[in-house]
Each structure stands twice: as C-alpha cells, then as structure tokens.
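Note that this note's numbering has the sequence shown beginning at 6, numbered continuously upward.
Where a beta carbon is used, it is the ideal one built from N, C-alpha and C, also for glycine.
Because the structure is a prediction, the values reported are computed rather than measured.
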Amino acid sequence: MLSWRDKVADKLSRLLADPPSSPSPPAAGFSPIADHESQAVYFSSEESTHSKKSTFSSYISSVLRASSGGDVGKPNSPACSHSRRLLPSLSLPSRWKSSGITWKDRPLDCGGDCRTESETDETVEIFKENLEHVSERNINSSNGIKEATASRDSKEYLSYLSEKSAFISADLFEFFQSSLPNIVKGCQWILLYSTWKHGISLRTLIRRSVNLPGPCLLIAGDMQGAIFGGLLECPLKPTAKRKYQGTIQTFVFTTIYGDPRLFRATGSNRYYYLCLNDLLAFGGGGSFALCLDEDLLHGTSGASETFENSCLAHNAEFELQNVELWGFAHSSQYHT
6 MLSWRDKVAD KLSRLLADPP SSPSPPAAGF SPIADHESQA VYFSSEESTH SKKSTFSSYI
66 SSVLRASSGG DVGKPNSPAC SHSRRLLPSL SLPSRWKSSG ITWKDRPLDC GGDCRTESET
126 DETVEIFKEN LEHVSERNIN SSNGIKEATA SRDSKEYLSY LSEKSAFISA DLFEFFQSSL
186 PNIVKGCQWI LLYSTWKHGI SLRTLIRRSV NLPGPCLLIA GDMQGAIFGG LLECPLKPTA
246 KRKYQGTIQT FVFTTIYGDP RLFRATGSNR YYYLCLNDLL AFGGGGSFAL CLDEDLLHGT
306 SGASETFENS CLAHNAEFEL QNVELWGFAH SSQYHT
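Quick look at the structure:
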C-alpha cells in the first residue's frame, strides 16, 4: 500500500505532466486525503495565478504547509533553504523597522522575483526619495557656487575705486563702464572730491579738480534716493560770465526711472555745462538739466534742449544728500 508521501508525489507528477488551465472542483468519490490534497493544490494554483511567477518549489512548499506534515519547518529543509536564497539584499523599509519587523518576518514569494508588487513599489519610492535628496543637495551645492561667484563678481568693481563711494554699486558701475568715453574705460577711479570727506563747498570741488586732468564724473543724490549727475572736463575752470564749456561727449544721467538712464547731447545747441564760482550747471535751452548751488546743499533739475531730458531728481527743487567728483587715472600710482 502506498504511503501518504508516495500519494502526494504521484499526484504532483500527474499534475505537472498535464497542468490544468484552471482549477476544477474535486470529483465525487475522492477520499478525504485526496480531497484535502486537491484543495491544497487548488490553493497553490490560485496563488500562482495571482503572482504569475510560481515554480515547482512553490507547489511543494504550498502542499507541505497545507498538510502540516513533513520537515518544512526545519532549518535545513529544502523549502527553507530555497526561501533563504531568495531573500533580497535590500535594507528594510523604514515603516518595517518602526514596527519591529525583520526580514525573517516579511512575507515570502518564492517565485522568480521574491519581492511582491507592493515591496517593489516601496523600493522604487525609497530610491526616488534618495535620488531627489541627492539631486537637491547637488542643486543647492551648485546654487552655492553660483551665489559665491556672483558675490565675488559683484565686488570686483571695488578694485577700480580708490575709495568707497556713497552712490556707486556694481550695477551702476557697469552702467558707467558702458557709457564713459573709451579713453577712460578700464582706468582707476580716483575720488577727487566728496562733501562727506572734504566739506560742503563748490570752490573746494573746483580746486580739487585740478589734481587729475581729463574727463571726470560728477555724481550727486537727493534725499529721496535718486542718483544723478553728468560728465565734465577736469580741471574745472570757473568763468566770470556765463560761458558754456564741454564737448559733444558731455552727458547727464539719472536712476529715478528704475534702471540708470543716460541723456546724451542732441547737438541742438552747445550748452553743455556752466562752471561759475557760485554755480555748476548742465544743459540749457528751456531750463538747466541739473544745477547745483555754491554750498552744494540744494539744486534744481528740469527739461533741457541740450539733452532732451526729463527732470533728473524726484522734484524740480531738491536737497542734496552728497556730491562726489571722480577722475580717471591710467596708473594706480596716483595719490590724492
């Protein structure tokens, strides 16, 4: 008489020789053991249909687990050895660690890929999180390099200035570099006069302009934050009568329109600038484009035909915050 194991082996041999496409209910007249075997096989087939990755070993493991017999629970049994070989070399998901679950507690699928669909999705999510973290770190690192480079570039203009300016920023310096005559581009900027350093006096400004002949830039500002001025020629030579000086290169500028804006001479007249002992003014025809009084505390601005400009300050009459006069030297050996 055949033993129970022989019956199981015979049943599995016939099943594998002609595997059914779908499970069928047990036929009448089957013995309880055979009926139990059929149910166990039916369960394995249903599990196989769900995962689509069942193998011969999974059938044996399912039958032996259903029958509660044999040595499946032994550490050296084939089923356990097969299960151990299929454990993936992955780290436990964080939600398993927090629940105290270990690899030996996780559900096993002994098919071709022992990871279930949910575990695969979770592994992908973990990989995506790590990838996003690394990408964000690289982006932050890249942004840090860009910010450091931008900060370094924004301070490069300071190397051109002999002293700190109350008005000149990196953007304004770049604007001047594109607006000044070619003869002074790339030169060292020398502060010839500042009301904060040398006192409030037009005469002092005129006297100090003789230290560096050539084009010079007057920069002033009102109390509302506007910055304006114009290009002159050093040394300044005050005249007894109103006699205009300057060349077609003379211009005026302002920042009240957002970005710095330049107004060049239109050629409609030659009223470039006036220099008197009690007045310094740009433009003419209609009104001065910019006029500073002798104490350099107050000024006026209006539309002029010379530059076809609008008011350069926030108001036609304003109080001056500071006045600077900058000269340009081709050698850094110049000392004031």
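Applying the 10 Å Cβ sphere with the 16-neighbour rule, what's the burial state of Ser-306? buried
From Glu-324, Ala-14 and Ile-188, pick the residue whose C-alpha is nearest to that of Lys-231; which is it? Sequence inspection shows Ala at residue 231; the Lys mentioned does not correspond to that position. Cα-wise, what sits closest to Ala-231 is Glu-324.
Could you check if Gly-251 is buried or exposed, using at least 16 other CB atoms within 10 Å of its CB as the buried criterion? buried
Please list the segments of the alpha helix (DSSP H) lying wholly inside the region 225 to 303, counting only runs of 4 or more residues, in order along the chain. none
Once you ignore the five residues that flank Gln-229 on each side, which residues in its own chain have a CB closer than 7 Å to its CB? His-319
Using only CA atoms, which one of Phe-333, Thr-259 and Leu-177 lies nearest to Phe-186? The question names Phe, but residue 186 is Pro in the sequence shown. Nearest C-alpha to Pro-186 among Phe-333, Thr-259 and Leu-177: Phe-333.
Where DSSP assigns a beta bridge to Ile-195, which residues make up the other side? Gly-332
Return the chain-ordered list of same chain residues with a C-beta closer than 6 Å to the C-beta of Glu-313, the five sequence neighbours on each side being excluded. Taken in chain order, the residues that qualify are Thr-271.
DSSP three-state call for Ser-82: helix, strand or coil? Low local confidence applies: a pLDDT of 45 at Ser-82 is under 50, so the model's placement there is unreliable, with the coordinate-based value given in what follows. The answer is coil: DSSP assigns Ser-82 none of H, G, I, E or B.
Of all the options Tyr-277, Leu-210, Leu-222 and His-203, which has the alpha carbon lying nearest to the alpha carbon of Gln-193? Leu-222
Give the range of the alpha helix (DSSP H) segment to which Leu-177 is assigned. 175 to 184
Where does Ser-167 sit, in a helix, a strand or coil, going by DSSP? coil
Taking the C-alpha atoms as reference points, what is the distance between Gly-219 and Gln-254? 12 Å
Could you check the C-alpha separation between Cys-280 and Trp-201 for me, to the nearest Å? 22 Å
Just to confirm before moving on: does the CB-CB distance between Asn-327 and Glu-299 stay below 8 Å? no
Taking the alpha carbon of Phe-233 as the reference point, which residue from Asp-15, Lys-242, Leu-267 and Glu-310 has its own alpha carbon closest? Leu-267
Any idea what DSSP makes of Leu-207, helix, strand or coil? helix
Hey, out of Arg-19, Leu-317, Leu-17 and Arg-208, whose CA is closest to Asp-264's CA? Leu-317
Taking its Cβ as the centre, do 16 or more other Cβ atoms sit within 10 Å of Tyr-262, making it buried, or is it exposed? Here Tyr-262 is exposed: its Cβ has fewer than 16 other Cβ atoms, across all protein chains shown, within 10 Å.
Going by Cα to Cα distance, which pick from Gly-304, Ala-225 and Tyr-249 is closest to Thr-311? Tyr-249
Within 10 angstroms of the Cβ of Leu-237, are there 16 or more other Cβ atoms? Answer buried if so, exposed if not. buried
Where Ser-214 sits in the DSSP three-state scheme: helix
Can you list, in chain order, the residues of its chain whose CB lies under 6 Å from that of Ser-273, leaving out five sequence neighbours each side? Same-chain partners within the cutoff: Glu-310.
Near Phe-293, what residues of its chain come up, given a Cβ to Cβ distance below 6 Å and the 5 sequence neighbours on each side ignored? Closer than 6 Å at Cβ, skipping near neighbours: Ala-286.
Of the choices Ile-211, Ala-14 and Phe-178, whose alpha-carbon is the least far from that of Thr-244? Ile-211
Buried or exposed, going by whether 16 or more other CB atoms sit within 10 Å of the CB of Glu-168? exposed
Please name the residue, chosen from Phe-258, Arg-213 and Gly-235, that lies closest to Leu-2 on a Cα-to-Cα basis. Any answer about residue 2 is impossible in this case: the structure gives the chain only from 6 up to 341.
Considering Cα atoms alone, identify which of Ile-224, Leu-302 and Asp-176 is closest to Leu-196. Closest option to Leu-196, Cα to Cα, is Ile-224.
Three-state secondary structure assigned by DSSP to Asn-314: strand
Using three-state DSSP, classify Ser-18 as helix, strand or coil. helix
So Leu-301 and Ile-205 are supposed to be a Cβ contact under 8 Å. How far apart are they, rounded? About 5 Å; that satisfies the 8 Å criterion.
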